[in-house]
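Letter 4 of the sequence shown, counting from 1, is numbered 4 in this note's numbering, and no numbers are missing. By construction, the Cβ of each residue, glycine as well, lies at the ideal position given by its N, Cα and C atoms. In this text, all values refer to a predicted model and were calculated from it rather than measured experimentally. The structure under discussion appears below in the form of structure tokens.
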Amino acid sequence: MALVNEHYLKLKAGYLFPEIGRRVRAFADANPTARVIRLGIGDVTQPLPPVILKAFHEAVDDLAKGETFAGYGPEQGYDWLIDTIIDKSYRPLGVNLKTSEMFISDGSKCDCANILDIFALENVVAIGDPVYPVYNDTNVMIGRTGEADERGYYKGLVYMPCTEANGFNPAFPEQKVDIIYLCFPNNPTGAVATREQLKGWVDYALKTDAVIFFDAAYEAFITDPTIPHSIYEIEGAKKCAIEFRSFSKTAGFTGVRCALTVVPEELMAHTAGGEAIQLNKLWNRRQTTKFNGVSYPVQKAAAAVYTDEGWRQTKEIIDYYMANAKIIRGGLAEAGLTVYGGVNAPYIWLKTPHGLSSWDFFDKLLTECNVVGTPGSGFGPNGEGFFRLSAFGHRENVEEAVERIKKNLK
Ligand code: MLT
1 MALVNEHYLK
11 LKAGYLFPEI
21 GRRVRAFADA
31 NPTARVIRLG
41 IGDVTQPLPP
51 VILKAFHEAV
61 DDLAKGETFA
71 GYGPEQGYDW
81 LIDTIIDKSY
91 RPLGVNLKTS
101 EMFISDGSKC
111 DCANILDIFA
121 LENVVAIGDP
131 VYPVYNDTNV
141 MIGRTGEADE
151 RGYYKGLVYM
161 PCTEANGFNP
171 AFPEQKVDII
181 YLCFPNNPTG
191 AVATREQLKG
201 WVDYALKTDA
211 VIFFDAAYEA
221 FITDPTIPHS
231 IYEIEGAKKC
241 AIEFRSFSKT
251 AGFTGVRCAL
261 TVVPEELMAH
271 TAGGEAIQLN
281 KLWNRRQTTK
291 FNGVSYPVQK
301 AAAAVYTDEG
311 WRQTKEIIDY
321 YMANAKIIRG
331 GLAEAGLTVY
341 GGVNAPYIWL
351 KTPHGLSSWD
361 FFDKLLTECN
371 VVGTPGSGFG
381 PNGEGFFRLS
391 AFGHRENVEE
401 AVERIKKNLK
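Okay, here's the thing in structure tokens:
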């Protein structure tokens, strides 16, 4: 008799976005004439920039010729892509990385989940509340937690409240923790961490011997030049942090799939007996066993993002989404809503009006405005009373959605 991993049974409902999709489909089936505008899941809508597409096509053509054909690539990613990213995206920040410290993958969501493989279950893990649900659910799946309580907090995880009062920048955990997830620019709140705040976290992690998982999937959307794009801009971070980045939102790769994880060689964790082990070696061992690398054409397309013309075209699309964010933010504020985010992040975090619950506001927006967003409570108990709108969308849809919401709330 095969036994299931019973930790999965502790998970409350379906994963947030499929659940939203299910509700929207039910609404659309019942209301076939409604023109539903989706600003829920953060999924890109603009086509790949021409330079990237050209590189992608050429790489596919390479596969048609014996002399350029590529089979298995290195599990860690091709050096030419890694070195390009280090050179074009990290060096300008004053961050020097070795080729062996970067691992190319098919997504930050997967890496944030898979990284748990190389850490003992006994580690005490701290996550934000609200938070990207993957951090919470993957810790449940792997067996680090007990059951959830009636509010949705899992026994064994340490939740760091991210509230209006603290500007959605959590305070340090009150108890000793071993692993801390940070996401800046933040999904879902759109908050960013200043250099001082990030330095605070690095100093805290070094002092308490904790490892930070730094999710920087949205770093390309930072508009304020004083905000750090990488945790390694902070002195000492290579001794305490793993960084995740993604091409998904940055370059429109949500369907193409490419991301990267940096595990510095200086970063150590310990055996129960106290022996220091390089996490880089363990991650390399994990990846070479469980992963066969990202496809050659995808890596060629990713490298093209960092050519001069590729980056100019990519940046144009990022600016397009951030102009959407400004329209949403401005329109909702005009309608009298309290709004956060949307300045250095493609997410707008709004306070639901009249004390409506997040899901009630979701239903109101869906049925009365035919606009889909994401209920804040889906990101954790402290997200209750908030709602997330994504700036990824076609301009005319974004404008129309904002007009519909404004009219409805008047
Ligand atoms: C989101 O909407 O939060 C993101 O699209 C989810 C993800 O990147 O996995």
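- Inclusion of I41 in the 7 angstroms shell around ligand 1 follows from its C-beta lying nearer than that to a non-hydrogen atom of the ligand.
- Per the C-alpha coordinates, the member of R38, I52, L9 and P170 positioned closest to Y306 is I52.
- The Cβ atoms of G376 and P188 lie closer than 8 angstroms to each other.
- Inclusion of T99 and D87 in the CB contact set at 8 angstroms is not warranted, their separation being larger than that value.
- When the beta-carbon positions are compared, G40 and T374 come within less than 8 angstroms of each other.
- Looking at the backbone, the Cα of E196 and that of L206 are separated by about 15 angstroms.
- Note on Q299: 16 or more other CB atoms within 10 angstroms of its CB, so buried under the neighbour-count rule.
- Cβ-Cβ separation between Y135 and Y72: approximately 31 angstroms, too far for a contact (criterion under 8 angstroms).
- In the DSSP assignment, Y159 falls within the unbroken beta strand (DSSP E) covering L157 to P161.
- S105 has its Cβ no nearer than 7 angstroms to any heavy atom of ligand 1.
- Note: I212 is bridge-paired with I180 and A241 in the DSSP secondary-structure output.
- In this structure, the beta-carbon distance from E233 to V95 falls below 8 angstroms.
- Looking at the DSSP output, Y340 bridges to W349.
- Of all C-beta pairs linking the stretch 376-390 to the stretch 348-368, three or more are shorter than 8 angstroms, placing the two stretches in contact.
- A straight-line Cα-Cα distance of about 5 angstroms links D215 and C183.
- Listed in chain order, the alpha helix (DSSP H) elements of length 4 or more contained wholly in the stretch 350-378 are 358-364.
- Within the stretch 122-173, complete beta strand (DSSP E) segments of at least 3 residues are found at 125-129 and 157-161, given in chain order.
- A contact is defined here as three or more CB-CB pairs under 8 angstroms, and the stretch 235-249 meets this definition with respect to the stretch 263-272.
- Short note on K410: C-beta not closer than 7 angstroms to any heavy atom of ligand 1.
- Look at the beta carbons and you see the stretch 279-288 touching the stretch 61-76: at least three pairs across the two are nearer than 8 angstroms.
- For the 8 angstroms CB-CB criterion, A55 and A304 form a contact.
- Two segments are said to touch when three or more pairs of C-beta atoms, one from each, lie closer than 8 angstroms; by this definition the stretch 329-340 does not touch the stretch 359-370.
- Under the three-pair Cβ rule at 8 angstroms, the stretch 308-325 counts as touching the stretch 389-402.
- Only exposed fits Q175, as fewer than 16 other CB atoms lie within 10 angstroms of its CB.
- By the CB criterion at 8 angstroms, G128 and T145 fall outside the cutoff.
- Following the DSSP letters along the chain, one finds V262 inside the beta strand (DSSP E) bounded by residues A259 to V262.
- S390 has its Cβ nearer than 7 angstroms to a heavy atom of ligand 1.
- Per DSSP, the continuous alpha helix (DSSP H) segment holding I318 begins and ends at D308 to E334.
- Listed in chain order, the non-local C-beta contacts of S248 below 6 angstroms within the same chain comprise T254, local neighbours out to five positions each way being set aside.
- Taken atom to atom, the span from the alpha-carbon of F362 to that of E101 is near 42 angstroms.
- When only Cα atoms are considered, T208 and P47 end up about 45 angstroms apart.
- Assigned with DSSP and collapsed to three states, F387 falls in strand.
- Of C112, V256 and P185, the smallest CA-CA separation from I222 is found for P185.
- In this structure, DSSP gives A28 a helical state, which the three-state scheme calls helix.
- Excluding its 5 nearest sequence neighbours in each direction, P50 has C-beta neighbours in its own chain below 8 angstroms: Q313, listed in chain order.
- Residue pairing by DSSP puts Q278 in a beta bridge opposite M268.
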